[in-house]
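First up is the structure itself, then whatever we jot down about it.
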Amino acid sequence: MAERNRAPAGAKPDRLWVVGDLLTIKATGEQTNGAYAAFEIAVSPGNGTPPHTHANEDESFYILQGELEFLVEGRNFVAAAGSLVHAPKRIQHGYRNASAKPAKILVWAIPAGLENFFLEVGDPASDATPPPPNFEKILAIAPKYGLTIG
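Converting from the sequence shown to the numbering used here requires adding 78 to each position, the first position being numbered 1.
Next comes the structure, spelled out in structure tokens:
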């Protein structure tokens, strides 16, 4: 098996494979003085995030393309392109692309910091094919960033 290309030592990639989805970092805490981080995520059919809770960040999701099934505060609903979904910190939430078409979302994490979790668990998107998800790694690193999965 060929080794995946990696960014040069010390360089931070802006495009990452995270659990099979392509995440592009649009803004980091370093760029926003810690105010927020922003990401664009291409969510493949059948993919998404498991229910989880953030201790530190509020998250907002703007659906750019397609539709996603969301769980926020025990409520399930579908959000289509043009919808904005807000998930306050300490509230369980998650989403899933239940359709056969890709979806694309813009995500804000307020305050910044969540980008560091993605940089630690993600794989630089130097290949067109995502690597298999490493759920053990994600579960081990999540608490470091105030994330509770499940």
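We put the CB at the ideal spot given by N, CA and C, even for glycine. Fair warning: this is a prediction, and the values are worked out from it, not measured in the lab.
{"Check": "Which runs of the alpha helix (DSSP H), 4 residues or longer, sit entirely within the region 85–157?", "Outcome": "107–110"}
{"Check": "Tell me the DSSP secondary structure of Ala-220 in three-state form.", "Outcome": "helix"}
{"Check": "Can you list, in chain order, the residues of its chain whose CB lies under 7 Å from that of His-132, leaving out five sequence neighbours each side?", "Outcome": "Lys-167, Gly-224 and Leu-225"}
{"Check": "Which same chain residues, not among the five before or five after Gly-228, have their C-beta less than 8 Å away from its C-beta?", "Outcome": "Pro-128, Pro-129 and His-130"}
{"Check": "What's the gap between the Cα of Gly-112 and the Cα of Glu-118?", "Outcome": "18 Å"}
{"Check": "Along the chain, where does the alpha helix (DSSP H) containing Asn-194 start, and where does it finish?", "Outcome": "192–199"}
{"Check": "With distances taken Cα to Cα, identify the nearest neighbour of Gly-191 among Asn-134, Ser-122 and Val-97.", "Outcome": "Asn-134"}
{"Check": "CB Leu-184 to CB Ala-116, shorter than 9 Å?", "Outcome": "yes"}
{"Check": "Which partner residues of Gly-172 appear in the DSSP bridge assignment?", "Outcome": "Leu-149"}
{"Check": "Taking 9 Å as the threshold (C-beta atoms), are Leu-149 and Gln-170 in contact?", "Outcome": "yes"}
{"Check": "Give me the Cβ distance between Ile-188 and Ser-161, rounded to the nearest whole Å; I'm assuming they're in contact under 8 Å.", "Outcome": "Not really, about 18 Å apart at Cβ, beyond 8 Å."}
{"Check": "Excluding five sequence neighbours on each side, which residues of the same chain lie with their C-beta closer than 7 Å to the C-beta of Trp-95?", "Outcome": "Gly-200, Asp-201, Ala-203, Pro-208 and Pro-209"}
{"Check": "Assign Pro-91 to one of two classes, buried (16 or more other C-beta atoms within 10 Å of its C-beta) or exposed (fewer than that).", "Outcome": "buried"}
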